[in-house]
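Enquirer: Under this note's numbering, read the sequence shown as residues 145 to 391, first letter to last. Glycine residues also receive a C-beta, built at the ideal position from the N, C-alpha and C atoms.
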Amino acid sequence: MHIRKKKWARPELAACPFYEENGEKRMGHWREAFPHPERPLQLEMGCGKGVSTAQMVAANPEINYVVVDISADVLGDTRRNIVRACEGHPENVWILSADICYIDRFFDQADGPERIYISFCNPWSERPKHEKRRLTHPRQLVQYRRMLREGGEIWFKTDDDPLFEDSLAYFLLCGFEPVYLTRDLAASGFAPNYISEHEQKYMDQGVPIKFGIFRMTALDPGFDPTRFRMTPGLRKRTLKLMKEPTR
Ligand SMILES: C[S@@+](CC[C@H](N)C(=O)[O-])C[C@H]1O[C@@H](n2cnc3c(N)ncnc32)[C@H](O)[C@@H]1O
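#1: Report back the beta-carbon spacing between residue 237 and residue 261 to the nearest angstrom; my notes put them in contact at under 8 angstroms.
#2: Buried or exposed, going by whether 16 or more other CB atoms sit within 10 Å of the CB of residue 344?
#3: Short of 6 angstroms in beta carbon distance, which residues of its chain neighbour residue 242, apart from the five on each side in sequence? Order them along the chain.
#4: Rounded to whole angstroms, what's the CA-CA distance from residue 391 to residue 321? Just pull it up for me.
#5: Mind checking whether the beta-carbon of residue 225 lies closer than 7 angstroms to any heavy atom of ligand 1?
#6: Terminal residues of the continuous alpha helix (DSSP H) containing residue 225?
#7: Among 360, 252, 279, 186, whose alpha-carbon lies nearest the alpha-carbon of residue 265?
#8: Would you mind sorting residue 233 into buried or exposed? The rule is 16 or more other CB atoms within 10 Å of its CB.
#9: Ligand 1 and residue 281: does the residue's C-beta get closer than 7 angstroms to at least one heavy atom of that ligand?
#10: Could you name the residues of the same chain whose beta carbon sits closer than 6 angstroms to that of residue 179, not counting the 5 residues immediately before and after it, in chain order?
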């Protein structure tokens, strides 16, 4: 994705009371960063310009959010969109600049988010060797497991069929069971659905959005994510799951 440089983004973020550039120092203490630490904590990985983030944050003031992206240029837009939707400085969100590939340097079990959103992450579907860069790859899922609260969930949306199919296998392998699955989110009637920038783009093109909610259960103790390879058997099991009706 090409990201245009924005001169105003960094100065605006530097002055923003809910922007964090050095997230490592908050590891294990994210809940305390909010006026109401007892409220549920949810993370968004790769929030982009925050079009859906802003709607979600404004609509759910009783939920605390940390929204993460690697690009300060897009986070400048995220900040503006949130301020616009919340009509000022919201108390229930932090914008975090961080590389999600190393997310376990920023959050641990003491943070214990109940939910993680991953929407329209880069599919990396063209070359098998790039698969590891996906935000749903087992290398990532084991990191999310270490921070998620017991029974925590990952809400995953994409337009990309290979990414969705492979991700189903990743989730199953890493001890995440699907509790909701659809290959056409708009037709499924699932609500509320906050529509992101990329989601709108694909909907306008007539591409059905694939969506799943995956709940964390026990992990096979023998599973080693560093040796993970997609096998024909795994793909077959995944495709069988894909044919099941929406739950
Ligand atoms: C295709 S955009 C999707 C944005 C938004 N979720 C949406 O649905 O419109 C992917 C976003 O993920 C971010 N991203 C990709 N890899 C990342 C990483 N390793 N760490 C943090 N952010 C990342 C990119 O900067 C980009 O903003």
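Expert: Taking the coordinates as given:
#1: Position 93 of the sequence shown, counted from the start, is the residue given in the question as residue 237. Position 117 of the sequence shown, counted from the start, is the residue given in the question as residue 261. Incorrect: roughly 13 angstroms between the Cβ atoms, too far for contact.
#2: The residue given as residue 344 occupies position 200 in the sequence shown. Result: exposed.
#3: Residue mapping note: residue 242 aligns to position 98 of the sequence shown, counting from 1. So the qualifying residues of the chain are 167, 212, 250.
#4: Residue 391 sits at position 247 when you count from the first residue of the sequence shown. Residue 321 sits at position 177 when you count from the first residue of the sequence shown. In this prediction, residue 391 scores a pLDDT of 48, lower than 50, which makes its location untrustworthy; the coordinate-derived value is nonetheless stated afterwards. Cα to Cα, the separation comes out at about 12 angstroms.
#5: Counting from 1 along the sequence shown, the entry for residue 225 is found at position 81. No - ligand 1 has no heavy atom lying nearer than 7 angstroms to the Cβ of residue 225.
#6: Your numbering for residue 225 matches position 81 in the sequence shown. Per DSSP, residue 225 belongs to the alpha helix (DSSP H) from 216-230.
#7: Here residue 265 corresponds to residue number 121 of the sequence shown, with the count starting at 1. The shortest Cα separation from residue 265 among 360, 252, 279, 186 belongs to 279.
#8: As a first step, residue 233 is located in the sequence shown; it is residue number 89 there, counting from the start. Residue 233 comes out exposed.
#9: On the sequence shown, residue 281 is found 137 positions in, with the first residue counted as 1. No; taking the cut-off as 7 angstroms, the Cβ of residue 281 has no heavy atom of ligand 1 nearer than that.
#10: Residue mapping note: residue 179 aligns to position 35 of the sequence shown, counting from 1. Counting only Cβ-Cβ distances below 6 angstroms, and skipping sequence neighbours, we find 235.
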